[in-house]
Amino acid sequence: MFINMKIHILYSFHKGPYGGGNQFLKALKKNLKKLNVYEENIGENLLFLYQVLFNPKSFLSLIILITIVFFLVFRE
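With the UniProt record's numbering applied, the sequence shown covers 1 to 76.
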């Protein structure tokens with residue numbers, strides 16, 4: 001199901017330090033590119049990480065965040 005999953009982060013990135021969210025998304029994008037999961041162009045079959053990830057009221061956001069951290073830390 002998620003074998004060919006591609007992720008696109010819909011965010012206007014800023015160069016240099018520009019707040020914690022910007023730095024987190026830049027690091028996330030860098031690691032997703034290493035995993036060959038990040039997609040630059042918006043097309044079909046993309047999972048969007050925008051408000052779901054950063055909505056603290058959403059239980060799904062906690063699960064997504066824990067999953068991302070787990071895969072980034074324990075990927076080897």
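Cβ coordinates follow ideal geometry from the N, Cα and C atoms, glycine included.
Predicted model, so just to flag it, every value in this text is computed and none were measured.
When C-alpha distances from Leu72 are compared across Lys6, His14, Lys29, the shortest belongs to Lys29. When the Cα atoms are used, Asn31 and Phe59 turn out to be separated by approximately 24 Å. In this structure, DSSP gives Lys29 a helical state, which the three-state scheme calls helix.
Secondary structure note for Ile7: its beta strand (DSSP E) is the uninterrupted segment 6-8. Between Ile42 and His8, the beta carbon gap of about 6 Å places them in contact (Cβ cut-off 8 Å).
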